[in-house]
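Everything on this sheet refers to the single structure shown next.
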Amino acid sequence: MAVKEFSVEEKLVSMIRLQKIDSKLDEIHILKGELPMEVKDLEDEVEGLHARQTRVEEEINGINEFIEQKKEAIKEAQAMIKKYEKQSENVKNSREFEAINKEIELQQLDEKVSEKHIKDATEEIAEKARQLDLAKKAVSTKEVNLNNKKGELEKIIKDTEKEEKHYAKDVDEARGQVEERLLHSYDRIRKNFRNGLAIVPVERDSCGCGRILVDADLHDSVDVK
């Protein structure tokens, strides 16, 4: 079966239609601007802040458990001191008395060390609590910003959804009517220009006469004489 040859005019018409549809989609994307990326970045930030908040809370819980352990150690040391003090009342010689005193001193030392640990841990909790408060405030601020950005984006999506679906369907159809060789050149040219224009209609005069401005590479691909 013979492959149909398209005339220069037919090639240009199909390319112009594709360019118009792509330009409409570009307008919608410009309207959205950086919002999709901003929303994603804010979502990542909020997630990170929540993780930080959870981590600090877990650290505080761990320190509180440590403090409780040291409080128990103090109680045990105090109980042992009382026990040794009672035993010292019934010692038979100075050697036993010195041995008991040595045990009492060791228990008193353990008590002081535990008290020091509790003091340091309490100070650490105060610092962690400050960090937690900052994390909560940061989360609150970021969530407000995120909700605002989401609201803006959702409104734009709602306003343009129908139109975008329409043009997305049209662009697939339009691309199917353009030669693969031309599509390759067209896509490459669009990527090289911020405005995404590979083909531009240019008005010559007030009577409406005009021409089509085609990029040099695409000009050669279309075989315009």
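Sequential numbering from 1066 applies to the sequence shown in the working numbering.
For each residue, glycine too, the CB sits at the ideal point set by N, CA and C.
- The beta carbon of H1115 lies closer than 8 Å to those of V1204 in the same chain, with the five residues before and after it left out.
- The alpha-carbon separation between V1073 and R1082 amounts to approximately 14 Å.
- Per the coordinates, the alpha-carbon of S1079 lies some 25 Å from the alpha-carbon of T1225.
- From the listed residues N1158, K1220, I1190, A1263, the smallest Cα separation to K1097 is found for K1220.
- With fewer than 16 neighbouring CB atoms inside 10 Å of its own CB, A1191 falls in the exposed class.
- Under the Cβ criterion (8 Å, minimum of three pairs), the segment 1109 to 1124 does not count as touching the segment 1133 to 1148.
- Excluding the 5 residues flanking it on each side, A1186 has same chain C-beta neighbours closer than 6 Å at I1128, F1131, I1132, in chain order.
- Burial check for L1174: the Cβ neighbour count within 10 Å stays below 16, so the residue is exposed.
- With a cutoff of 8 Å on beta-carbon distance, L1199 and E1122 are scored as not near each other.
- Sequence-distant partners of K1207 (beyond 5 residues in either direction) whose C-beta falls short of 7 Å from its own C-beta, in its chain, are L1107, E1110, V1111, L1114.
- In the same chain as V1156, and ignoring 5 residues on each side of it, the C-beta atoms closer than 8 Å to its own belong to F1162, I1165, in chain order.
- For F1131, the enclosing alpha helix (DSSP H) starts and ends at 1100 to 1153.
- DSSP, reduced to helix, strand and coil, places V1156 outside both helices and strands of the structure shown, so it counts as coil.
- If you draw a straight line from the Cα of R1253 to the Cα of L1262, it comes to about 11 Å.
- Taking a C-beta distance under 8 Å as the contact criterion, A1233 and L1090 qualify as a contact pair.
- Counting along the chain, Q1084 sits inside the alpha helix (DSSP H) bounded by residues 1073 to 1097.
- When only Cα atoms are considered, I1264 and K1202 end up about 51 Å apart.
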